[in-house]
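If you're matching positions, the sequence shown starts at -7 in our numbering and goes up one per residue. Notes for the one structure printed next.
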Amino acid sequence: MMKFNFNTIIACFLIAVSTASCKQEAIYVAVNGSDTNKGTKSQPVATVQKAVEISRASATKNIVINEGDYFDVSVVITEADSGLHICGEPGKSVKLMGGIIFGNWQQSGEWIETQVPDSLWPELDFRILIVNDTLRDRARLPETGAFNHKNKWPHQWQSSQGGWSVKPTYDDLTTLYYNPVDIGPWLEVKNAELTIFHAWDDSYVGLAGIDTVNHVLRFSNKATHPAGAYASWAGPKTHQYIVWNIKEGMKRPGQWFVDRVKRKIVYWPFAYEKVADIKIMVPTQNHIFKIEDNASGITIENLQLSCAGAPVSNTGYATVNITGAILAGKVKNLSIKNLTVKNVAGWAVKIKGEDVKISDCEFSFTGAGGLSYNGKHILVERCGIHDLGKLYFGAVGIMGGGHFNTVSHCELYNIPYCAINSLGNQSVAEYNLIYNFKQTMVDGGAIYGSDDSTTYRNNAVIAPRGNTIEGWTYYFDELADNSIMEGNLAVNTIVPVHHHMAGPLTIRNNIFIDEGHQKISYPLCSDLTFTGNILVAGEILFSGPTGEKGDTKKESLNAVFQRYFDCNGVVKFEGNQFFTDTVMHDVLHVYSPIRREPFKYDTTYWTKNPESRKTWYEKIPEGFDDTGYRNNFKTVYNEMILGI
């Protein structure tokens, strides 16, 4: 019997559909074309922007880009271009690069270097270097890990609604006290840039100066928070920082830096990389596609995009301040499909609008996040989003906002912070496969948000055996009211549920499996319904309120926390199955524990037999084969959990 691969069938279908659309009357672009041509199939133009201009002056709304590599690409699409369809030649490799192959590279010891003329990149403001189609690592100190600074910021964070109890001054946000063992007068401030870690985000700053007597670094732009913020609860990471782009950070082959004083790019090639054969690409454009406000009916498909830059900027939460290779504002009826975006300095795609569909795409090796959207009726489906945050550690896979949006059947992995960071109100995350998330930052979760009336359903989140990172996996944060998490799987994430300042919430029919300790956390939450869930672990701890008051006085709290003073936690608990030795409860009031006691809710279905837990550990949970888009749930599960 002949067997068909599902993904192959889908791929063939997409090619067939694209071929049909691209065969309509079109303007053609080719690597051997000329912008003096008319854009016909026999006389193609050389640039996509020229094709857009021809389209704008005619009634032809289809542009076909022929096979090949296109460099220094930047395309602006306006409201006048509404209805435009840009398509890569079906079944062919069509690559649009926002950069150029650059440099007369000369050997300099183990390194190679090239001079940059003043006319090109006057500020040398770029942060990625692509060598033979691979994003290379920047020079950094320390080589691994991070330095520790000496700043202190003892003030209270009053939640995202309240901000800091004491407003940081300009000096607070632009000053770092360093250890002279780590930094010395050799530091070139025109080259150096810093990552400063906080808790759930980081700051990225340039330097304005160094005081080698008092051991002070002055930033050229403000950090998001003062250095040392959140130390009271987020731990050692809040005192860490990294120095980038300095000669002293060149420690191994594959690293590079840009010398802004001598106007040179310096690269340390691998032994197998020969100067005569090496192709080094540097970004010249920040956007490969920029779609302006009010454009509608735009379709972009069948393309491979890479090498878009991003100007120096502090990142903001989840790298929200960083630009995207595809940037769209207030668009309608936008379709992005079968696109690959990789090796870019910012986001792969960053859009605002309504009735947007992003499907069958892959976004990877980005400096910032994968996809940022804000709007109504945005559908993201069958996308692979992975290997993000190569410049900024607060990066997330998807950051959403707005209303009535859906993220479905995506696979997200190798991400320093959240896989999905908000969806928008009245929105859904479903059938997504997530692993290797929150690899650098704390707080956040696999799917995290503060949206109202949101649903997380039928998702699978997996951490490897021996994992020590608390996942806070499915996370409704403050103001995420009237929301549902149902039918989800979390394996080895230690904290499969963490909800905070939220409610009412429904948690039903989920499966949570952990090797040892498992925690279900819901501080400052009210009106939680917890039904039909399966919990498997050596020991299980519930941590949240019951309505009982502790020693904290209401008047001692700020206005934000006073609203949660009477939180009552779980109000309905039934039909849940436990496979564990012990179930305990940390009874909380506000954030303070009143006591730890045996769990007093319904534990009718409680199996203490270790063999029963072993069965859960050794079998693949059923019902999650449809997560992701590559039919690989069992493969990922076998590799990460069963070691097969």
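In this text, a Cβ means the ideal position worked out from N, Cα and C, and glycines have one as well. Since this is a predicted model, take the numbers as computed values, not measurements.
Looking only at its own chain, which residues have a Cβ that is under 6 Å from the Cβ of residue i, when we skip the five neighbours before and after it?
{"i": "K562", "result": "Looking at the sequence provided, one finds Val at residue 562 rather than Lys. Same-chain partners within the cutoff: L520, F522."}
{"i": "Y440", "result": "C410, N413, Y467"}
{"i": "W103", "result": "V258, W260"}
{"i": "T358", "result": "V336, A340, L380"}
{"i": "I2", "result": "Note that I2 scores 49 on pLDDT, short of 50, meaning its location in the model is unreliable and no value can be drawn from it."}
{"i": "S195", "result": "I188, A215, T216, N306"}
{"i": "D164", "result": "P218"}
{"i": "L297", "result": "L88, I280, A317, V333"}
{"i": "M632", "result": "I454, P456"}
{"i": "P177", "result": "T204"}
{"i": "N568", "result": "N525"}
{"i": "V9", "result": "Because V9 carries a pLDDT of 48, less than 50, the predicted location of this residue cannot be relied on, and the following value inherits that uncertainty. There are no such residues."}
Kindly give me the distance between the Cβ atoms of residue i and residue j, rounded to whole angstroms, as I take these residues to be in contact under 8 Å.
{"i": "G698", "j": "Y365", "result": "The question about residue 698 has no answer here: the residues shown for the chain are numbered -7 through 636."}
{"i": "V37", "j": "N29", "result": "5 Å"}
{"i": "N335", "j": "D379", "result": "Contact doesn't hold; Cβ gap of about 10 Å is too wide."}
{"i": "E346", "j": "V68", "result": "Actually they are not in contact, since the Cβ atoms of E346 and V68 sit about 21 Å apart, beyond 8 Å."}
{"i": "T619", "j": "L425", "result": "4 Å"}
{"i": "V528", "j": "R605", "result": "6 Å"}
{"i": "I120", "j": "P303", "result": "Contact doesn't hold; Cβ gap of about 12 Å is too wide."}
{"i": "V44", "j": "D73", "result": "6 Å"}
{"i": "T39", "j": "V56", "result": "Not confirmed; about 14 Å, so no contact."}
{"i": "R128", "j": "Q277", "result": "Not really, about 19 Å apart at Cβ, beyond 8 Å."}
{"i": "Y169", "j": "H207", "result": "6 Å"}
Identify which residue in the options has its Cα closest to the Cα of residue i.
{"i": "S85", "options": "G95, C559, Y62", "result": "Y62"}
{"i": "S327", "options": "V197, I78, V68, E610", "result": "I78"}
{"i": "T332", "options": "R555, A300, N237", "result": "A300"}
{"i": "I46", "options": "G60, G31, E59", "result": "G31"}
{"i": "H581", "options": "K546, G567, Y609, K592", "result": "K546"}
{"i": "G530", "options": "L116, N550, F571", "result": "F571"}
{"i": "A452", "options": "S445, M242, G458, P488", "result": "P488"}
{"i": "A263", "options": "K42, N278, R244, V205", "result": "R244"}
{"i": "P146", "options": "N480, A320, K626, G227", "result": "G227"}
{"i": "G101", "options": "S26, R255, S34, M242", "result": "M242"}
{"i": "A472", "options": "F591, D27, P496", "result": "P496"}
{"i": "Y597", "options": "S584, V575, T607", "result": "V575"}
{"i": "E540", "options": "Y583, Q510, G508, F504", "result": "Y583"}
{"i": "H279", "options": "F591, Q41, N286", "result": "Q41"}
{"i": "D558", "options": "C517, S212, E610", "result": "C517"}
{"i": "N124", "options": "A221, P82, I19, E265", "result": "E265"}
{"i": "A223", "options": "Q148, T311, I175", "result": "Q148"}
{"i": "L481", "options": "A287, G137, A438", "result": "A438"}
{"i": "A49", "options": "L76, V173, Y556", "result": "L76"}
Just to confirm my understanding: we take residue i, look at its own chain, exclude 5 residues before and 5 after, and list those with CB closer than 8 Å. What are they?
{"i": "Y309", "result": "W192, D193, T216, G386"}
{"i": "S151", "result": "E470, M493, V552, F553"}
{"i": "L6", "result": "Note on L6: pLDDT 48, under 50, position unreliable in the model; no value is reported."}
{"i": "D617", "result": "N623, F625, K626"}
Quick one, are the C-beta atoms of residue i and residue j less than 9 Å apart?
{"i": "K324", "j": "T291", "result": "no"}
{"i": "I370", "j": "G394", "result": "yes"}
{"i": "N525", "j": "N560", "result": "no"}
{"i": "M656", "j": "G463", "result": "Because the chain in this structure spans residues -7 to 636, residue 656 falls outside the shown range and cannot be described."}
{"i": "L295", "j": "I234", "result": "no"}
{"i": "T498", "j": "I476", "result": "yes"}
{"i": "K182", "j": "V253", "result": "yes"}
{"i": "G316", "j": "I343", "result": "yes"}
{"i": "N237", "j": "A200", "result": "no"}
{"i": "A320", "j": "F281", "result": "yes"}
{"i": "F94", "j": "T106", "result": "yes"}
{"i": "E373", "j": "G80", "result": "no"}
{"i": "V434", "j": "K144", "result": "no"}
{"i": "G289", "j": "N450", "result": "no"}
For residue i, which residues from the same chain have a beta carbon less than 7 Å from its beta carbon, with the 5 sequence-adjacent residues on both sides left out?
{"i": "Y629", "result": "I454, I612"}
{"i": "L415", "result": "G392, N397, V399, A421, G441, D443, T446"}
{"i": "F(-4)", "result": "Below a pLDDT of 50, predicted positions are generally treated as unreliable, and F(-4), at 38, falls in that range; no measurement from the model is reported."}
{"i": "M(-6)", "result": "Confidence at M(-6) is low in this model, with a pLDDT of 35, below 50, so the placement of that residue is unreliable and no value is reported for it."}
{"i": "V267", "result": "W97, Q99, I104"}
{"i": "W608", "result": "I505, V528, F571"}
{"i": "D27", "result": "V37, A38, T39, K42"}
Do residue i and the ligand ZN come close, with the Cβ less than 8 Å from some heavy atom?
{"i": "E180", "result": "For the structure depicted, the ligand ZN is absent and the ligand set is empty, with no information on it obtainable."}
Ignoring anything shorter than 4 residues or poking outside the stretch 343 to 419, list the alpha helix (DSSP H) runs there in chain order. Runs of the alpha helix (DSSP H) inside the stretch 343 to 419: none found.
Contiguous beta strand (DSSP E) assignments of at least 3 residues, all confined to the stretch 270 to 341: 272 to 275, 281 to 283, 291 to 298, 316 to 324, 327 to 336
Counting only runs of 3+ residues fully inside the stretch 135 to 210, write out the beta strand (DSSP E) ranges in chain order. 167 to 169, 185 to 189, 194 to 203
Enumerate, from N- to C-terminal direction, the unbroken alpha helix (DSSP H) stretches of 4 or more residues contained entirely within the stretch 450 to 526. Taking only runs of at least 4 residues, no alpha helix (DSSP H) segment lies wholly in the stretch 450 to 526.
Residue ranges of each beta strand (DSSP E) within the stretch 52 to 96, 3 or longer: 54 to 57, 60 to 62, 67 to 69, 77 to 80, 86 to 89, 91 to 93
Those runs of the beta strand (DSSP E) which lie wholly inside the stretch 522 to 590 and span at least 3 residues: Entirely contained in the stretch 522 to 590, the beta strand (DSSP E) runs reaching 3 residues are, in chain order, 526 to 528, 531 to 537, 562 to 566, 569 to 571, 574 to 581, 584 to 590.
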